[in-house]
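Start counting the sequence shown at 15; every next residue gets the next number (the numbering used here). Here is the structure we will look at, set down as structure tokens.
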Amino acid sequence: MKKFGLSAVVLIALSFACSGCGAKKKTTTPTTTPISGLSTRVFASQSVLSLTANPGLVIINGLYDSLAKAARISAGTSPGYMEISPQRTTLMVFDSTISAPAIDIVNTAEEKVTGTIPLPGPTISMVAPSNSVGYVAVPSAPLIGLPPGAIEALNLASGSVTAFISVPNAQYVVSNAGGSQLLAFSNDSNSVTVVSPLLLNTGSPVTTVVPGFDRPVWAVFSGDNSTAYVLNCGPQCGGTQASVQTLNMTTLALGTPVPVDAATIALLSGSTLYVAGTPPTNNPCTGQVTAATTCGRLDIVDLNSMTVTGRVVITDGYHDRIDLTSNGQLFIGSYDCTNVGNVNAVTPTGEIRGCLSIYNTTIPNNTAAIIPPDNGDVTGLQNISRPSEDMVETGLVEYVAEGGQLRVYDLQTDKLESDFYVETGTITITGQVIDVKAVDFF
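If you want it as structure tokens, here you go:
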């Protein structure tokens with residue numbers, strides 16, 4: 015293992031070579047009454063400027079799947095990917111404006127932007143382990159005397175950068191519960207960088223590079239933070255064999271890889287790890303009646319025995335979105351998938367297929383996924399459990415940002431919801447919907 019000391023941690027005042035750069039789980043919701051007056055809020059990022067709408071965060075009434083009247087948050091000029099703190103009171107929004115990428119910090123109780131932090135380059139990965147701390151992977155971050163790439167540590171309370179931690183070409187960052195350890199993944203690398211933010215300014219090494227992987231791209235931490243289940247992307251990312259491999263977070267010892275079909279995203283439920291990806295070869299759509307000739311795979315891994323207990327054919331593409339609902343429906347989304355048909359045609363005919371798959375985890379030995387009739391990249395997933403009230407549409411739904419539209423799926427039927435509020439299963443939002451996050455849970 016190669017270790018980096020303090021030289022790998024570049025403090026703002028000394029080193030950032032960029033001009034103008036400055037400053038799934040139900041939890042308790044804020045007690046402050048929001049400005050919108052809603053009790054069940056969902057934020058959707060809309061990134062397109064049009065004659066009838068400005069970019070920003072659209073506030074949705076989660077009880078009725080409807081837009082809140084005159085409730086909108088201005089957040090940059092091209093808001094997209096979002097991350098929310100476990101307490102759901104702080105929201106990080108990536109503004110992907112090419113000339114001025116930034117993170118907008120939103121106070122969800124006050125429903126307003128409280129700070130903006132410029133970034134030295136674009137990002138596709140960030141985490142908010144608490145209301146006041148955030149981390150962003152910036153692969154192109156220029157650091158004086160070091161290769162480009164860093165994990166940028168943010169103070170979300172003050173809207174400032176606290177450190178640039180050198181991780182060359184850092185593409186993805188994953189945090190354990192609490193944020194005491196991070197895992198950073200670099201493109202085209204067979205190593206994982208372990209980051210210990212609590213060691214900043216202590217004189218101890220903040221980063222440790224652990225080799226022995228096969229194009230790792232993501233990880234899921236165990237409930238007690240003792241183990242990380244690292245996803246080796248393998249051949250889908252230019253490596254050899256896709257697998258799940260354990261990393262002991264105390265000793266940094268590696269476990270024996272468990273081969274899977276493909277691995278770019280995963281979700282842990284109890285002792286079961288659901289792993290999704292698309293093999294570059296041996297990827298037929300066996301068992302599905304479809305015009306698509308390439309399909310992805312969902313592998314089900316029993317962590318007690320470290321064996322694959324099931325394999326399911328899903329849509330293809332690069333899978334980077336996954337969400338498990340309270341009634342056991344696993345939603346899996348990808349981008350750059352095989353789209354079939356045109357759902358936006360005046361009269362859609364024939365097969366309609368996109369980047370979304372739904373797998374019912376409650377059916378024993380289930381071997382089939384549902385492929386909803388929709389098109390486009392899946393860029394956001396969020397399940398909602400609504401309270402039961404008289405005269406209110408109640409139940410379980412999944413909000414899906416797909417192809418720039420915001421769809422609402424009824425989790426009892428796994429079909430687009432069709433009722434008085436969303437007759438076509440779509441919440442009409444002018445522009446391009448990129449991501450969606452629930453602020454209030456019940």
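Note that CB positions come from ideal geometry on N, CA and C, so glycine has one too.
Helix, strand or coil at residue i according to DSSP, with G and I counted as helix
i, result
"residue 259", "strand"
"residue 418", "coil"
"residue 29", "At residue 29, the pLDDT of 38 sits below 50, so the modelled position is not reliable and the matter cannot be decided from this model."
"residue 52", "coil"
"residue 438", "coil"
"residue 249", "helix"
"residue 153", "coil"
"residue 445", "coil"
"residue 344", "strand"
"residue 63", "coil"
"residue 395", "strand"
"residue 230", "strand"
"residue 455", "coil"
"residue 211", "helix"
"residue 189", "strand"
"residue 334", "strand"
"residue 222", "strand"
"residue 316", "strand"
Residue i classed as buried or exposed, judged by whether at least 16 other C-beta atoms fall within 10 angstroms
i, result
"residue 39", "Annotation note: pLDDT 39 at residue 39 (below 50); position unreliable, coordinate value reported separately. The residue is exposed, with fewer than 16 neighbouring Cβ atoms inside 10 Å."
"residue 42", "Note that residue 42 scores 43 on pLDDT, short of 50, meaning its location in the model is unreliable and no value can be drawn from it."
"residue 158", "exposed"
"residue 112", "exposed"
"residue 125", "buried"
"residue 229", "buried"
"residue 353", "buried"
"residue 273", "exposed"
"residue 24", "Confidence at residue 24 is low in this model, with a pLDDT of 43, below 50, so the placement of that residue should be treated as unreliable; the coordinate-derived value is given next. Residue 24 is buried by the Cβ-count criterion."
"residue 421", "buried"
"residue 88", "exposed"
Cβ separation of residue i and residue j, assumed to be a contact under 8 angstroms, to the nearest whole Å
i, j, result
"residue 245", "residue 280", "6 angstroms"
"residue 233", "residue 188", "5 angstroms"
"residue 77", "residue 93", "About 24 angstroms separates the two Cβ atoms, so there is no contact after all."
Residues that DSSP places opposite residue i in a beta bridge
i, result
"residue 425", "In DSSP, residue 425 forms no bridge with anything."
"residue 235", "242"
"residue 106", "97 and 119"
"residue 140", "150"
"residue 367", "354"
"residue 166", "150 and 178"
"residue 130", "118"
Proximity to residue i [Cα-Cα], best of the options
i, options, result
"residue 143", "124, 181, 152 and 168", "168"
"residue 133", "105, 104, 355 and 173", "173"
"residue 364", "381, 105, 350 and 388", "388"
"residue 318", "243, 439, 187 and 97", "243"
"residue 368", "88, 217 and 355", "355"
"residue 180", "366, 220, 215 and 290", "220"
"residue 454", "73, 59, 61 and 64", "73"
"residue 331", "62, 140, 341 and 310", "310"
"residue 383", "120, 328, 393 and 80", "328"
"residue 445", "286, 385, 81 and 66", "66"
Any non-hydrogen atom of the ligand FAD within 7 angstroms of residue i CB
i, result
"residue 303", "Of ligands this structure carries none, so the ligand FAD is not represented either."
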